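Peer 1:
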Amino acid sequence: MIEIEKEKKKKNDKPRILLLIIFYLLPGWRVPEFSEQEYEIEKIKSKRRFFRHLLTTLTISGALIILSFVFMGIFVPWLTRFPLQDMVPPSVPGVPYLLPSPGHPLGTTRSGYDVLARMLWGARTSLLMALMPTGLAVGGGLILGIISAYFGGKVDYVLMRVVDLIYSIPTLVIVLILTQILGLNLIDMLMIWGAFAIAGNLRFMRSLVLQIREMLYIKAAKTGGALKFKVMFSHILPNALPPMILTFFGQMAITMLGIAAISFLGLVNAQIPNWGQDIAWSNIYQENILAFLIPGICTGLFSISAMLIGDGLRDAIDPRLKI
Amino acid sequence: MAKKSTNMVKYIIKRILMMIPMLFAVLTITFFLSHAMAINPLASEVTGWDMQIYYDEMERLGLNDPIYVQFLNYFRDFFTGNWGESYSGKFEGWLVTDIIITVLPRTLEMMIIPLFIIPIIAVKLGSASAKNRKKKKDIMIRSLAVIGAGFPSFWIAILLQYLFGRVLFEATFFEFDIGIYKANNVLLDPSFPTAIPPPSSLIVMLLLFILMIGGFYLIYRGNKLRKQDKPASKNYIIMLISGILICIIGIVPIMFSIYTYGTKFRLIDSIIFNEPIYFWDTIAHFILPALSMTLVSLAGITRQTRSSMLDVLNQDYIRTARAKGVPEKEIINKHALRNALIPTSNLIIGGTATILLGSIFIEYIFEYPGFGDTFFTSIISGNISLINGCVIVATIILLSSNLIADVMYTIIDPRIIYA
Chain H
1 MIEIEKEKKK KNDKPRILLL IIFYLLPGWR VPEFSEQEYE IEKIKSKRRF
51 FRHLLTTLTI SGALIILSFV FMGIFVPWLT RFPLQDMVPP SVPGVPYLLP
101 SPGHPLGTTR SGYDVLARML WGARTSLLMA LMPTGLAVGG GLILGIISAY
151 FGGKVDYVLM RVVDLIYSIP TLVIVLILTQ ILGLNLIDML MIWGAFAIAG
201 NLRFMRSLVL QIREMLYIKA AKTGGALKFK VMFSHILPNA LPPMILTFFG
251 QMAITMLGIA AISFLGLVNA QIPNWGQDIA WSNIYQENIL AFLIPGICTG
301 LFSISAMLIG DGLRDAIDPR LKI
Chain L
324 MAKKSTNMVK YIIKRILMMI PMLFAVLTIT FFLSHAMAIN PLASEVTGWD
374 MQIYYDEMER LGLNDPIYVQ FLNYFRDFFT GNWGESYSGK FEGWLVTDII
424 ITVLPRTLEM MIIPLFIIPI IAVKLGSASA KNRKKKKDIM IRSLAVIGAG
474 FPSFWIAILL QYLFGRVLFE ATFFEFDIGI YKANNVLLDP SFPTAIPPPS
524 SLIVMLLLFI LMIGGFYLIY RGNKLRKQDK PASKNYIIML ISGILICIIG
574 IVPIMFSIYT YGTKFRLIDS IIFNEPIYFW DTIAHFILPA LSMTLVSLAG
624 ITRQTRSSML DVLNQDYIRT ARAKGVPEKE IINKHALRNA LIPTSNLIIG
674 GTATILLGSI FIEYIFEYPG FGDTFFTSII SGNISLINGC VIVATIILLS
724 SNLIADVMYT IIDPRIIYA
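Just so you know, the sequences run in chain order H and L. Read left to right, the first sequence gives residues 1 to 323 (the working numbering). Read left to right, the second sequence gives residues 324 to 742 (the working numbering).
(1) Find out if the Cβ-Cβ distance for the pair Met528(L), Gln180(H) is shorter than 8 Å.
(2) If you draw a straight line from the C-alpha of Ile362(L) to the C-alpha of Met189(H), how long is it?
(3) Can you list, in chain order, the residues of its chain with a C-beta nearer than 7 Å to that of Ser565(L)? Leave out the 5 residues immediately preceding and following it.
(4) Quick one: what's Glu408(L) bridged to in DSSP?
(5) Looking at the secondary structure, which residues open and close the alpha helix (DSSP H) in which Arg124(H) lies?
(6) Inspect the CB distances between the region 511-526 of chain L and the region 402-421 of chain L and report whether three or more fall short of 8 Å.
(7) Which of helix, strand or coil does DSSP assign to Thr255(H)?
(8) What's the call for Gly471(L), buried or exposed, on a 16-neighbour Cβ count within 10 Å?
(9) So, with DSSP's three-state summary, where would you put Thr403(L)?
(10) What's the C-alpha gap between Ile323(H) and Ala261(H)?
(11) According to DSSP, simplified to helix, strand and coil, what is Thr80(H)?
(12) Starting from the Cα of Ile169(H), find the closest Cα among Met731(L), Ile720(L), Thr628(L), Leu531(L) and give me that residue.
(13) Using a threshold of 8 Å, state whether the C-beta atoms of Gly695(L) and Ser708(L) are closer than that.
(14) Between which two residues does the alpha helix (DSSP H) harbouring Ser701(L) extend?
(15) Smallest Cα separation from Pro100(H): which of Ser282(H), Asp315(H), Glu287(H)?
(16) Along chain H, which residues have their Cβ under 7 Å away from the Cβ of Thr718(L)?
(17) Quick one: is Asp164(H) near chain L, going by C-beta distance under 8 Å?
(18) Of all the residues that make up the region 179-196 of chain H, which are near chain L by a beta-carbon distance shorter than 7 Å?
(19) Short of 8 Å in beta carbon distance, which residues of its chain neighbour Arg110(H), apart from the five on each side in sequence? Order them along the chain.
(20) When you compare the region 232-246 of chain H with the region 260-274 of chain H, are there three or more beta-carbon pairs, one atom per stretch, that lie closer than 8 Å?
(21) DSSP three-state label for Thr108(H), please.
(22) Is Ser263(H) near Gly62(H), with beta carbons less than 8 Å apart?
(23) Residues of chain L with a CB under 7 Å from the CB of Leu176(H): which are they?
(24) Quick one: using the 10 Å Cβ neighbour count with 16 as the cut-off for buried, is Phe51(H) buried or exposed?
(25) Kindly say whether Tyr113(H), judged by its beta-carbon, lies nearer than 8 Å to any beta-carbon of chain L.
(26) Compile a chain-ordered list of the residues in the region 289-308 of chain H whose CB is closer than 9 Å to at least one CB of chain L.
(27) Ser357(L) versus chain H: which residues are under 7 Å apart at the beta carbon?
(28) Quick check: what's the CA-CA separation for Ala220(H) versus His358(L)?
(29) Report the residue from Tyr543(L), Leu486(L), Arg549(L), Pro576(L) whose alpha carbon sits nearest the alpha carbon of Leu530(L).
(30) Hey, quick one: how far does the alpha helix (DSSP H) through Ile304(H) stretch, first residue to last?
(31) Along chain H, in chain order, which residues have C-beta atoms closer than 9 Å to that of Val714(L)?
(32) Decide if the region 80-95 of chain H is in contact with the region 113-132 of chain H; the criterion is three or more beta carbon pairs, one per stretch, under 8 Å apart.
(33) Judging by CA-CA distance, which residue of Met731(L), Tyr732(L), Thr718(L), Asn387(L) is the nearest neighbour of Leu343(L)?
(34) Where does Phe51(H) sit, in a helix, a strand or coil, going by DSSP?
(35) Nearest-angstrom Cα distance between Ile610(L) and Met433(L)?
Structure (structure tokens):
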């Protein structure tokens, strides 16, 4: 042991020129320390490549927009001087359709609410609107898809028939009817929307798992005596995750637009500030057009930036992935 | 070849038979859901607190029966063509089948542009942007697609309405009573026949139409045989004559019914009954709703085409074709696009139902008297039988569009064979 350490020291102590001479004269010879470093550099390089593909202008701008909306949603009470209670129907604060002024930077809406404050409070709602149903849909699809594909048999048959049934029902209409039954509760509607969106994710996840299940490393894990649960969630799941992350961002935009549309029809609780409802309440033929433009632009920017992040991630993870 | 086509027919029949239990399930679900809605369907009937009328009406419509009796009655009536009666609103007292027959053509003729013209443009745009990747053209098309997909369609619709209703106000009247920023919500024009065909006659008409297609096929095959140098048999004369006879048998009742009932498509009616002003009037009034539905489908199809096109352009056979010296235009249009269209076709045909349901918002904004508007008002006013009828029609359209998409796969990609 001591000798080896001594040798190492000797090698280190060797002058640089000698090392170079050996490097040039002996083919295939490498400095041992340097080759260790090389391995680490390769590891870092693959990460660097991922980030280099990821960090394009479009993706960064999308992420910045989403982050700014998150910032707005979290820090609303400090950004505006209007509390939430003054921004929802029972209170009637002021003059309708005021043009922009120092008191109201973007003017007022039909009922006299401040447009900027409605927008900021709406950002908080729309974060919930985008994340909750999508999380439910993608998470549910992930778990049920693995179960369906991995167990097969009767479980698979029943789940796929349910998926077929949901596919044959016009989802939007069922959501509209259910909102009439359950009352105009926002959380209920989001849950229903998410539950219906599970079907598509389940089918996609099932097809992914059916491909991965035949891979060699899964067979190796099985022969190694891994439990079913472990194979499912620690071997298959991480490999099926990247495409599902992409669908998450794609569906975030669709969900955002769909729920904005439902709230545009007025089928949502008016006690919660909501961009879709702002569009419905505003009247473009009146003086302050900003009351109409701002919520629409916000909805559009939110869904566009979600799509941009999804596109960027797809290019970075696997440019040839089909979604 | 022959075996493949018989397989195809078997597959289609199997799929149509599979649709029936699905339809049953959807019917059951929507029946119970619509009856669970907490809206009184006869709310508008109760005027002046004359409760006796209300009770009589409830008794007449069978709404006082227990739910399972109502369900069985509805099921029985559903297959005899009696889908119930609308309780309230614009169509009070109409039969549901009559409402759907008058209202669905209006929406369908509005969807000519988003359904048939836009996919062609979108596929062209997508392939163009994939061809010049990371150039100015590509960036322009992509940004258009992202904006179209990102902004809510109802918002765009209101903007368009504002543009033509306020900014271009005077220019939009031409010679019509109503400016084009607003839909013409006259349902039945007096200059066309206003009678509504019974659903049984529609089914007969459909069968006759299928018969006529068979007749045309016979004529086609007979003609092909006739042109051969050495005809295998002289059956072609019989084939031609029977084909022509079948066509005549099919076409006479159809022409007669069109003359008495009209087609309910205002565009076709105005051509048949020679009313050019109605033709231009109809086009002018559906152009804005159609345009605002366009952007969404355009964006989706363009994005899909671009990504699958980029995928295909990296394949080996494209490189082979280039090395062989095939012109670039031919590579794009024949070698690449045909393969790239496989995932896109699903989106195009499967998107039919999405567009149909997306028309709810557009028709709500433009007050267009179409399917979506009827659907939405029926949900709002708790018009149970109308909701059920509309859901069934939407489901049939959805299922059949899925079936057509699967059949189209085999035409676009002959390698796919359904066992």
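Just so it is clear, CB atoms sit at the ideal spot from N, CA and C, and this is done for glycine as well. The model shown is predicted, which means the values in this text are computed figures rather than measured ones.
Peer 2: According to the structure shown:
(1) no
(2) 18 Å
(3) Leu541
(4) Leu418(L)
(5) 115-151
(6) yes
(7) helix
(8) buried
(9) coil
(10) Confidence in Ile323(H) is poor, its pLDDT being 39 and thus under 50, which makes the residue's placement unreliable; the coordinate value appears in the next sentence. Ile323(H) and Ala261(H): Cα-Cα distance of roughly 25 Å.
(11) coil
(12) Ile720(L)
(13) no
(14) 694-703
(15) Glu287(H)
(16) Ser168, Ile169, Pro170
(17) yes
(18) Gln180, Ile181
(19) Pro96, Tyr97, Trp281, Ser282, Asn283, Gln286, Ala291
(20) no
(21) strand
(22) no
(23) Ile702
(24) exposed
(25) no
(26) Ile289, Phe292, Leu293, Pro295, Gly296, Ile297, Thr299, Gly300, Leu301, Phe302, Ser303, Ile304, Ser305, Ala306, Met307, Leu308
(27) Ile177
(28) 55 Å
(29) Pro576(L)
(30) 290-317
(31) Ile169, Pro170, Val173, Ile174, Ile177
(32) yes
(33) In the sequence on display, residue 343(L) carries Ile and not Leu. The option with the nearest alpha carbon to Ile343(L) is Thr718(L).
(34) helix
(35) 8 Å
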